[in-house]
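Undergrad:
Protein chains: 2
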Amino acid sequence: MLLTNGDIDHVAGLLSLREAQPFTLFATPAIHRVLRASSAFDVLAEDVVARRDVELGASFELVEGVTATIFPVPGKIALYLEKTEEAQTGALVTDIEGEQTIGVEIEAGGRRALYIPGCATMTNALRDRLAGADAVFFDGTLWRDDEMVQAGVGTKTGKRMGHMSMSGDEGSMAALAGLDIGRRIYVHINNTNPVLIDGSPERVTANRAGWEIAEDGMEIVL
Amino acid sequence: MLLTNGDIDHVAGLLSLREAQPFTLFATPAIHRVLRASSAFDVLAEDVVARRDVELGASFELVEGVTATIFPVPGKIALYLEKTEEAQTGALVTDIEGEQTIGVEIEAGGRRALYIPGCATMTNALRDRLAGADAVFFDGTLWRDDEMVQAGVGTKTGKRMGHMSMSGDEGSMAALAGLDIGRRIYVHINNTNPVLIDGSPERVTANRAGWEIAEDGMEIVL
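First to last, the protein sequences are chains A and B. Numbered as in numbering that gives the first Met the number 0, the first sequence ends at 221 without a single skipped number. Numbered as in numbering that gives the first Met the number 0, the second sequence ends at 221 without a single skipped number.
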């Protein structure tokens, strides 16, 4: 198991693997600290689940024959740590690069895939890394930045949450257009995002731009 | 929302109600302390979710027209706090009565129901409380004490986990036999419990003893 973020939607599933299921939990030291700040995650007992630190830029064997390399991605710290962050630093930064939001490059059998479920903004370094990949799984949280506000389900924009949107001049479809990528697949899709609706104009637009929309149980063969 | 226990299966669902869903969270001071020891639960922001302490024995209005009274039930502390408990006290007690495992008596419209999803052993006081209830929802974790060991999915007995079994001389079917109870319904059923299998001998036995087996989406009208 490799965590790319310490926020609830990335870590709560660990609680369903509690007690007697052995596995190795890879994460940055910062994300491991987030877990340790919640005693509930102690259900992952030390003698069953090994917690291993991975440094940014490091490559390691995720499972046999599969190499993973983690790298920082613009984002923010976990929601439930925001108050502490604001108190300590005076402000909340939503597109900082650090150990709290990471991407993963996965290599096996001569193929290369990238998994980036959260990304606040595109950088040249990230674009370079994505170029030539056999598959890219990318942050598909929102279609447009004010989507949750418009839907009346929240007051936060995508930018505030540390997510770039799919559409628009600064969106991920535009940012990755023209890059040589085998398959581009949106993941981490919010329930307000209209691409979830089969046949919606937004879904059609995303598909035409070469993007697939991930779904439960999806399996990818490269 | 009323918590009767601080263990993962009782509290993890709170994480799905995060951010913007307003409600009041009732619990004993001890269970509230358990939540506060996990910063992940800070997603239930203070200005949206009010956390209210309820003392053992106290009655309060759960929702309009519905009165709840909480009382201690023999049980143990949350799994992930066991090590701390053992270190502090030298031993783990699995049938202590305190603020960590509670039952709830719910009264509305002249009807009375009891909800007791975890119970390590039957006491005379508890039996007296159950007598005459219109409905009892009771700890149905295991059919027999060594069921998880026999199934090869764990090393713990029901007793070790703070749960009395359904069957046997000391089981809950025997303990409540003969009491005047409108409906008796098992809840909190472990996935090793054969009563979950429709038509199993154990299900038939439980049904013949007057017990119903709860299922997802069940609605009760008294």
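C-beta: ideal position from N, C-alpha, C; glycine also.
(1) Would you say A:A36 lies against chain B (beta-carbon separation less than 9 Å)?
(2) Using a C-beta to C-beta distance shorter than 9 Å, which residues of chain B count as neighbours of A:D46?
(3) Quick one: list the residues of chain A neighbouring B:I7, beta-carbon separation under 7 Å, in chain order.
(4) If contacts are defined as beta-carbon pairs under 8 Å, then B:G161 and B:A119 qualify, I think. What distance do you get, rounded to the angstrom?
(5) Are any of the Cβ atoms in chain B nearer than 9 Å to that of A:A11?
(6) Whole beta strand (DSSP E) runs in the region 101-149 of chain B with 3 or more residues, listed along the chain?
(7) Quick one, which of B:E218, B:V148, B:A130 and B:T100 has its alpha-carbon nearest B:L178's?
(8) Along the region 146-172 of chain B, what residues have a CB closer than 9 Å to any CB found in chain A?
(9) At 4 residues or longer, what runs of the alpha helix (DSSP H) sit wholly inside the region 9-43 of chain A?
(10) Looking at the unbroken alpha helix (DSSP H) that takes in B:T66, where does it start and where does it end?
(11) Using the Cβ count rule (16 or more neighbours within 10 Å means buried), how would you classify A:N189?
(12) Along the region 124-138 of chain A, where does the CB come closer than 8 Å to a CB of chain B? Name the residues.
(13) Looking at A:V42: is its Cβ nearer than 9 Å to the Cβ of B:L78?
(14) Just the Cα atoms here: how many angstroms apart are A:R110 and B:R50?
(15) In angstroms, rounded to a whole number, what distance separates the CA positions of A:D46 and A:F59?
(16) Which residue from B:A19, B:Y185, B:E85 and B:A150 puts its Cα closest to that of B:E214?
(17) Can you find the residues in the same chain that come closer than 7 Å, C-beta to C-beta, to A:G153, ignoring five residues on each side of it along the sequence?
(18) How long is the line joining the alpha carbons of B:A107 and A:A36, rounded to whole angstroms?
(19) Using a 10 Å radius around the Cβ and a threshold of 16 neighbouring Cβ atoms, would you call B:D138 buried or exposed?
(20) Starting from A:N4, follow its DSSP beta bridges and name the residues at the other end.
(21) Of all the CB atoms in chain B, is at least one closer than 9 Å to the CB of A:L78?
(22) Residues bridged to B:D215 by DSSP?
(23) Given a threshold of 16 other Cβ atoms within 10 Å of its Cβ, counted over all protein chains shown, does B:E169 qualify as buried or as exposed?
(24) Smallest Cα separation from B:L113: which of B:G56, B:R183 and B:L195?
(25) Should the region 201-212 of chain A be called in touch with the region 14-28 of chain B, which here means at least 3 C-beta pairs below 8 Å?
(26) How long is the line joining the alpha carbons of A:D52 and A:I115, rounded to whole angstroms?
(27) From A:E81 to A:K75, what does the alpha carbon distance come to, in whole angstroms?
(28) From this set, A:T68, A:S166, A:D144 and A:E84, which residue's C-alpha is nearest A:T156's C-alpha?
(29) Considering only residues of the same chain and omitting the five flanking positions on each side of A:Q99, which have a CB-CB separation below 6 Å?
(30) Starting from A:A173 and walking both ways along the alpha helix (DSSP H), at which residues does that stretch end?
(31) Output the distance between the C-alpha atoms of A:G5 and A:R202, rounded to the nearest integer angstrom.
(32) Please check if any C-beta of chain A sits within less than 9 Å of the C-beta of B:K75.
(33) Here's the rule: buried if 16 or more other CB atoms are within 10 angstroms of the residue's CB, otherwise exposed. What is B:N192?
(34) With A:A49 as the anchor, note down where its alpha helix (DSSP H) starts and where it stops.
(35) Between A:H9, A:P71 and A:G167, which lies nearest to B:A39 when the distance is taken from Cα to Cα?
TA: Straight from the coordinates:
(1) yes
(2) Going along chain B, no residue has its Cβ under 9 Å from A:D46, so there is no contact; the nearest lies around 11 Å.
(3) L14, R17, A39 and V42
(4) 4 Å
(5) yes
(6) 101-107, 110-115 and 134-138
(7) B:A130
(8) V152, G153, T154 and K155
(9) 28-35
(10) That residue, B:T66, is in no alpha helix (DSSP H); its beta strand (DSSP E) goes V65 to P71.
(11) buried
(12) none
(13) yes
(14) 50 Å
(15) 22 Å
(16) B:Y185
(17) M147
(18) 40 Å
(19) buried
(20) A:T100
(21) yes
(22) B:D215 pairs with nothing; no bridge assigned.
(23) exposed
(24) B:R183
(25) no
(26) 19 Å
(27) 9 Å
(28) A:D144
(29) A29 and I76
(30) S171 to L175
(31) 29 Å
(32) no
(33) buried
(34) That residue, A:A49, is in no alpha helix (DSSP H); its beta strand (DSSP E) goes V48 to D52.
(35) A:H9
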